[in-house]
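Structure, as structure tokens:
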Amino acid sequence: MSSPTPAGPLAGLRVLELAGIGPAPYACLLLAELGAEVIRIDRASSVGKRPTPLQRSRANLAVDLKTEAGRGLVLRMVRDADVLVEGLRPGATERLGLGPDDCLAVNPSLVYGRMTGWGQDGPLARTAGHDITYAALTGALHVTGGADKPRQAANLVADFGGGAMFLVTGILAALHERTTSGRGQVVDAAMVDGVSSLMTVIYGQHALGQWRDEREANLLDGGRPYYDTYRCADGRFVAVGAIEPDFFAALMKGTGLDFDQHDRDAWPAMRAALEETFASRTRDEWAEVFGDTDACVAPVLSLAEAPEHPHLRARGVFEPDADGSRPRVAPRFSRTPGLPPGDPHVAGQDSRTVLTASGLAEHEIDDLVAAGVVRQASDRPTPTYELMETRQ
């Protein structure tokens, strides 16, 4: 087997990112750590702000996009780009003169990736929203939580699962199509579309009468006692997912209980017995009991604990750093592995370097900086992160 190539599977791909929040930056983080050359174009007004964790692993250029010179600068860079990513509201880039028509006019082979919650069209297209909003309207929020009320699973479902992942998929699909046609196109990635696609199995089961509308009444939502979480003696939890008969048998053996898995009338008694049994030992004691079994019982780890788990450490899932642990890019590649997580770059940190690499002369860069069209960050703030900017 040949030695791995450190450049990553997307080496040679050039991506421009018009700065936004949430899923679009995460998509660009993935592209960068898979080897693409990604340049994040931030607002000039963002210089001096602390970076978010999603700004890692790529250069940052700060430009006033509301100036004609700033617009022209970006279009000049578009000529040599393979991909442009933006996550603003529909119509925002068009008003800046950087919409799909503007960019494809100077580079017909450009893949123009657009990330929004509602999509570029439809009655709600220009309406504000967040992950919980999109999860609510697609039915995803309805199926999560307890019997008493829906509960949001952080912002993983719409922002990152239904958003960023589908944006990356769309970009890569459009790049593949370009190898045949030679033409670019617009990728309209909407979180409501992506979340709905993630719900394919649940909607299919619902249509067949195999998924009920009531929460905690189904196989995968805690409705069955052998697929749920249980509190232990120390107040921490274990997760139980013993669906298959062999796995259920291992659960019964480990707990010392004896129930018929398919006797629905006995499920309330089974749940009560599991609650009482798991409450008799600590979480880590139960992890030891089930560690070498196929019972599908796992400790529910905190954010501080998960990076230290032996399995995740053995696979190098996290990259330790001074501020904690950074998850590495996934998936893995046998010849062209992804790159380790880089530091977040502040707005304008690399402005001069990027423009020099883009072919601008030093006097041109000086003129742009003097005019306020481009800003170069003079200092790097202490890397204490703001979770989110205000959605605009």
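Residue numbers (full-length UniProt numbering): 1 to 392. Ideal Cβ positions, reconstructed from N, Cα and C, are used throughout, including at glycine. The structure displayed is predicted, hence computed values, not measured ones.
- Cα atoms of ALA377 and LEU274: separation of roughly 57 Å, rounded to the nearest angstrom.
- Judged by their CB atoms, ASP343 and LEU61 are not nearer to each other than the 8 Å cut-off.
- One thing to note: ASP188 has its Cβ no nearer than 8 Å to the Cβ of GLY22.
- Counting other Cβ atoms within 10 Å of its Cβ, VAL106 stays below 16 and is therefore classed as exposed.
- Going by DSSP, VAL354 is part of the alpha helix (DSSP H) stretching over 351–357.
- In summary, LEU137 is buried, with 16 or more beta-carbon neighbours lying within 10 Å of its beta-carbon over all protein chains present.
- Residue burial annotation: VAL201 is exposed, with fewer than 16 other C-beta atoms found within 10 angstroms of its C-beta.
- ARG215 is positioned such that its CB atom lies closer than 8 Å to that of ALA147.
- Judged by their CB atoms, ALA249 and ALA298 are not nearer to each other than the 8 Å cut-off.
- Pairing VAL300 with THR229, the inter-Cα distance amounts to about 8 Å.
- Residue nearest to VAL168 within the set ALA207, ALA24 and THR277 is ALA24 (criterion: CA-CA distance).
- A residue is called buried when at least 16 other Cβ atoms come within 10 angstroms of its Cβ; LEU156 does not meet this threshold and is exposed.
- Look at ALA62 here: in three-state DSSP terms it is strand.
- If you compare the alpha carbons of GLY170, ASP367, GLY348 and ALA330 with that of GLY35, the shortest gap goes to ALA330.
- If one requires a minimum length of 3 residues, the beta strand (DSSP E) runs lying completely within the region 21–64 are 37–43 and 59–63, in chain order.
- With at least 16 other beta carbons inside 10 angstroms of its own, ALA242 counts as buried.
- ILE132 is not a Cβ neighbour of LEU124, given a cutoff of 8 Å.
- According to the DSSP secondary-structure assignment, SER325 is paired through a beta bridge with PRO320.
- For GLY72, the three-state secondary structure derived from DSSP is helix.
- The Cβ atoms of GLY170 and VAL195 do not sit closer than 8 Å to each other.
- DSSP places GLN205 in the uninterrupted alpha helix (DSSP H) bounded by 200–207.
- In this chain, the beta strand (DSSP E) harbouring PHE237 covers 237–241.
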